[in-house]
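Taken in order, these protein sequences are the chains called A and B. This note's numbering puts the first sequence at residues 29 to 708. This note's numbering puts the second sequence at residues 165 to 250. What follows is a set of notes on a single structure, which appears directly below.
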Amino acid sequence: MSEPYPIGIANLREGTKLKREIPLVALAGQPNTGKSTLFNLLTGLNQHVGNWPGKTIERREGTFQHNSRSFRLIDLPGTYSLTANSPEELIAREFILREQPDLVIALVSAANLERSLYLVAELISLPTPLVVALNMMDVAELEGYRIDVELLQAALGVPVVPVVATRAQGVRELLQVVEQVLNKERVLMPRLPEIRADHRQALKEIQNLIHGYIPAPYPLEWAALKLLEGDAELTRLVRESLPPERWEAVHEVLRAHDDALMAVASGRYEWINRILRAAVTRPPIGQIGLTERIDRFATHPILGLVILALVLGGVFWVTFTLGSPLQEWLEIQVVERLAEFAATSLAAAPTWLQGLVVDGIIGGVGSVITFLPILVIFFAAFGLLEDIGYMARAAYVMDNFMHLMGLHGKSFLPLFLGFGCNVPAVMGTRVIDSWSARLVTILIAPFVPCTARMAVVAFLAGAFFERYATLVSWGLALLALSMLVVSGVLLNALLFRGKRSAFIMEMPLYHIPNSRTIALLVWQRTVAFVKKAGTVILAFSVLVWVLSVLPGGELEGSFLARFGKLVEPVGRWMGFDWRLTVALLTSFLAKENAVATLGVVFGAAEEGGLSQMLLTTYSPAVALAFLTATMLFIPCAATLAVIKQEAGSWRWALVNLALMLALSVSVSSLVYWLARSWGW
Amino acid sequence: MLERLLAELDRGQTLSVEKLALQLETTPAMVKAMLEHLERQGQVATVDFCQEMCAECPLGSICAREKRQRLWQLKLDCVAVASRPA
Numbered sequence: 029m030s031e032p033y034p035i036g037i038a039n040l041r042e043g044t045k046l047k048r049e050i051p052l053v054a055l056a057g058q059p060n061t062g063k064s065t066l067f068n069l070l071t072g073l074n075q076h077v078g079n080w081p082g083k084t085i086e087r088r089e090g091t092f093q094h095n096s097r098s099f100r101l102i103d104l105p106g107t108y109s110l111t112a113n114s115p116e117e118l119i120a121r122e123f124i125l126r127e128q129p130d131l132v133i134a135l136v137s138a139a140n141l142e143r144s145l146y147l148v149a150e151l152i153s154l155p156t157p158l159v160v161a162l163n164m165m166d167v168a169e170l171e172g173y174r175i176d177v178e179l180l181q182a183a184l185g186v187p188v189v190p191v192v193a194t195r196a197q198g199v200r201e202l203l204q205v206v207e208q209v210l211n212k213e214r215v216l217m218p219r220l221p222e223i224r225a226d227h228r229q230a231l232k233e234i235q236n237l238i239h240g241y242i243p244a245p246y247p248l249e250w251a252a253l254k255l256l257e258g259d260a261e262l263t264r265l266v267r268e269s270l271p272p273e274r275w276e277a278v279h280e281v282l283r284a285h286d287d288a289l290m291a292v293a294s295g296r297y298e299w300i301n302r303i304l305r306a307a308v309t310r311p312p313i314g315q316i317g318l319t320e321r322i323d324r325f326a327t328h329p330i331l332g333l334v335i336l337a338l339v340l341g342g343v344f345w346v347t348f349t350l351g352s353p354l355q356e357w358l359e360i361q362v363v364e365r366l367a368e369f370a371a372t373s374l375a376a377a378p379t380w381l382q383g384l385v386v387d388g389i390i391g392g393v394g395s396v397i398t399f400l401p402i403l404v405i406f407f408a409a410f411g412l413l414e415d416i417g418y419m420a421r422a423a424y425v426m427d428n429f430m431h432l433m434g435l436h437g438k439s440f441l442p443l444f445l446g447f448g449c450n451v452p453a454v455m456g457t458r459v460i461d462s463w464s465a466r467l468v469t470i471l472i473a474p475f476v477p478c479t480a481r482m483a484v485v486a487f488l489a490g491a492f493f494e495r496y497a498t499l500v501s502w503g504l505a506l507l508a509l510s511m512l513v514v515s516g517v518l519l520n521a522l523l524f525r526g527k528r529s530a531f532i533m534e535m536p537l538y539h540i541p542n543s544r545t546i547a548l549l550v551w552q553r554t555v556a557f558v559k560k561a562g563t564v565i566l567a568f569s570v571l572v573w574v575l576s577v578l579p580g581g582e583l584e585g586s587f588l589a590r591f592g593k594l595v596e597p598v599g600r601w602m603g604f605d606w607r608l609t610v611a612l613l614t615s616f617l618a619k620e621n622a623v624a625t626l627g628v629v630f631g632a633a634e635e636g637g638l639s640q641m642l643l644t645t646y647s648p649a650v651a652l653a654f655l656t657a658t659m660l661f662i663p664c665a666a667t668l669a670v671i672k673q674e675a676g677s678w679r680w681a682l683v684n685l686a687l688m689l690a691l692s693v694s695v696s697s698l699v700y701w702l703a704r705s706w707g708w
Numbered sequence: 165m166l167e168r169l170l171a172e173l174d175r176g177q178t179l180s181v182e183k184l185a186l187q188l189e190t191t192p193a194m195v196k197a198m199l200e201h202l203e204r205q206g207q208v209a210t211v212d213f214c215q216e217m218c219a220e221c222p223l224g225s226i227c228a229r230e231k232r233q234r235l236w237q238l239k240l241d242c243v244a245v246a247s248r249p250a
């Protein structure tokens, strides 16, 4: 193993300095570390603002007094490093190297030392004396960080002064230290970041090659290091300064050490990590500790999936325990009574009007409205899971699972949105860069059971299977997700053979849910559902009713029945009569229409309600097959239109339609025949 | 450390910041700092997941998916070692 080597130019620290009557102090720091606050605090009204020469970047300069001594203060642009990645970084480093301030104050955020010490790692390697001002100590304390300033100072080898710039705390002490350093009353022994010895050899070779050619004021070792690091500006400067054959030799060394591009920055992060381990104590218990403990299970590749399945089962259990009695109450006490009231009120009205209101509107829309409690519980459950931070974990474990199946890493995000609605899920595939991966995701997104589909299944499962409804719904949701994976694997094998791309998620901390956020979410989604019931579903219920009474007023001879009987042969494979087949087909416009259609054709407003009618009409085998078909059936019209829009042609929308139709019919038929063979 | 992070990313898996921190024996804040560093260098990109899509979503303004989490992706055209300036 190679010995580490210090990065920097400590040997030049005692180099020549410009003599000034008034000391020049530069204030450096990353953005959002409180630099402007400290600058304003120190200079007050004694400041002026202009632009850096040739740039539109603001230059702020001012003066301040301490112990009757004047100081000039320059506020350098906020920069993350001193590599010429941006004009701000170039200005900051050129100022320090060319103007050679007497001292640099590096303002770092105590609440985010990992990020803000990177600039210190670069500044400490320059010859200018450095003092670190540790700002936002109050925020760090609030977040539970304990920073041992003495240890941090010893680890850095330069003075460290804790301050809270917003409250002017520690500023006097900071100026005291600045003065001590300027008066050479404090000895600086900076501890510099290190790089590997094989790169040290390269560094020396480059130094030898560029020695005598580097224009002032660039220190030789710093310039060599920046070349090794791949700094574009320094590379250009050195190439212009060197004779071609020498540049070629330098270039050869650089080419042989391509990995140094990362190794130099890596050395700085190692340096930061070592310093923080020594000087910072993080909160050992509390929210972070709890999150880590829960995540050991919640994000485990296998256990995480089991937990996800249990959570999903729990959502169904709560839905049926709380929602089904409410749904039943609405069905009997509200819809039925409303139908009775309407029938009585319209007794003198024409028969068609009574039929339209009672069977068409109340039977159709009323049936859909009865599963409002189920929907509200779904919305609240998923809102709660999202708000406490669980959904990110669920997405994470699902993604790992999908990776095993060969799906693209970015695909899970839009897919997870599909639990709310498939439309944003399909639109969400825009985040996927690769076209083939995006296409696969678009095509499988409608397999994710959306809230509408889940609510229809939940309503029908409750009607058909009563106390087994939780188990049936849970099984169907898992079946839909399994179909998603199977389809994904197949389509992936056909369409996408690209390289998988790494994906990194930041997990939010688990926290107590915000009841207002959840309530607002539930309210908005409920309003959206009621609007849908009052428009699309109402219009469709009326249309279905009209088709069910025309031409002769009898359901069996109606246009709806004729159409139903035309498509019934396909439905028969799954055990459906024409009514179930038509109900399934009408769900194409909106998933809830399946219930609305059943409500119209069964006269849901009559005694016992739709649930009772369904239970007495169909065998468990037919019911299970119908639920399976509903869960896997083609997407709604809105989703299909979005698929066409996102995939760019109807071809892919039709591919999705064919895929889902084929799976829905074949799996439901299989379910029906298996259930029948078991005597259901 | 940055090299080890890139090596992990180059394996093409989905990772959480917290798991990466455990693997690299550091803190999640350090992993985030390094990811931001790689982002500035153009090797990693953040995923603006909600930006365009949520703007068109009727529930966008009330969605519980707040800006609490960030997502990064290793750019497909980036290998673990960046290219030198010409």
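Just so you know, even glycine gets a beta-carbon here, dropped at the ideal spot from N, CA and C.
Rounding to the nearest angstrom, what Cα-Cα distance links residue i and residue j in this structure?
i, j, result
"residue 367(A)", "residue 382(A)", "10 Å"
"residue 178(B)", "residue 686(A)", "31 Å"
"residue 175(B)", "residue 168(B)", "11 Å"
"residue 562(A)", "residue 701(A)", "38 Å"
"residue 185(A)", "residue 167(A)", "25 Å"
"residue 301(A)", "residue 194(B)", "8 Å"
"residue 229(B)", "residue 453(A)", "Confidence is the limiting factor: at residue 229(B) the pLDDT is only 49, short of 50, which leaves the residue's position unreliable and the question unanswerable from this model."
"residue 336(A)", "residue 191(B)", "27 Å"
"residue 346(A)", "residue 415(A)", "18 Å"
"residue 567(A)", "residue 334(A)", "42 Å"
"residue 187(B)", "residue 323(A)", "15 Å"
"residue 356(A)", "residue 398(A)", "8 Å"
"residue 107(A)", "residue 297(A)", "17 Å"
"residue 202(A)", "residue 535(A)", "37 Å"
"residue 196(A)", "residue 105(A)", "22 Å"
Kindly say whether residue i, judged by its beta-carbon, lies nearer than 8 Å to any beta-carbon of chain A.
i, result
"residue 203(B)", "no"
"residue 184(B)", "yes"
Let me see if you follow: with CB-CB separation under 8 Å, is residue i close to chain B or not?
i, result
"residue 666(A)", "no"
"residue 113(A)", "yes"
"residue 183(A)", "no"
"residue 294(A)", "yes"
"residue 535(A)", "yes"
"residue 28(A)", "Missing from the structure shown is residue 28(A); chain A here goes from 29 to 708 and no further."
"residue 470(A)", "no"
"residue 377(A)", "no"
"residue 61(A)", "no"
"residue 532(A)", "yes"
"residue 688(A)", "no"
Give a yes or no on whether the C-beta atoms belonging to residue i and residue j are separated by under 8 Å.
i, j, result
"residue 150(A)", "residue 180(A)", "no"
"residue 187(A)", "residue 143(A)", "no"
"residue 182(A)", "residue 120(A)", "no"
"residue 406(A)", "residue 455(A)", "no"
"residue 653(A)", "residue 699(A)", "yes"
"residue 118(A)", "residue 268(A)", "no"
"residue 130(A)", "residue 48(A)", "yes"
"residue 622(A)", "residue 658(A)", "yes"
"residue 235(A)", "residue 256(A)", "no"
"residue 139(A)", "residue 89(A)", "no"
"residue 165(B)", "residue 153(A)", "no"
"residue 391(A)", "residue 627(A)", "yes"
"residue 189(A)", "residue 225(A)", "no"
Using a Cβ-Cβ cutoff of less than 7 Å, which residues in the same chain neighbour residue i once the five nearest sequence positions on both sides are dropped?
i, result
"residue 683(A)", "471"
"residue 502(A)", "340, 341 and 344"
"residue 219(A)", "183, 184 and 185"
Note down, in chain order, each residue of its chain lying with its Cβ closer than 8 Å to the Cβ of residue i, except the 5 sequence neighbours on either side.
i, result
"residue 206(A)", "53, 94, 99, 131, 133 and 159"
"residue 231(A)", "33, 223, 249, 252, 253 and 256"
"residue 39(A)", "Confidence in residue 39(A) is poor, its pLDDT being 36 and thus under 50, which makes the residue's placement unreliable; the coordinate value appears in the next sentence. The answer, listed in chain order, is 249."
Who are the Cβ neighbours of residue i in its own chain at under 6 Å, not counting the five residues just before and after it?
i, result
"residue 449(A)", "478"
- Message: Please give me, in chain order, every unbroken run of the beta strand (DSSP E) with length at least 3 that falls completely inside the region 36-121 of chain A.
- Response: Entirely contained in the region 36-121 of chain A, the beta strand (DSSP E) runs reaching 3 residues are, in chain order, 52-57, 75-79, 86-94 and 97-103.
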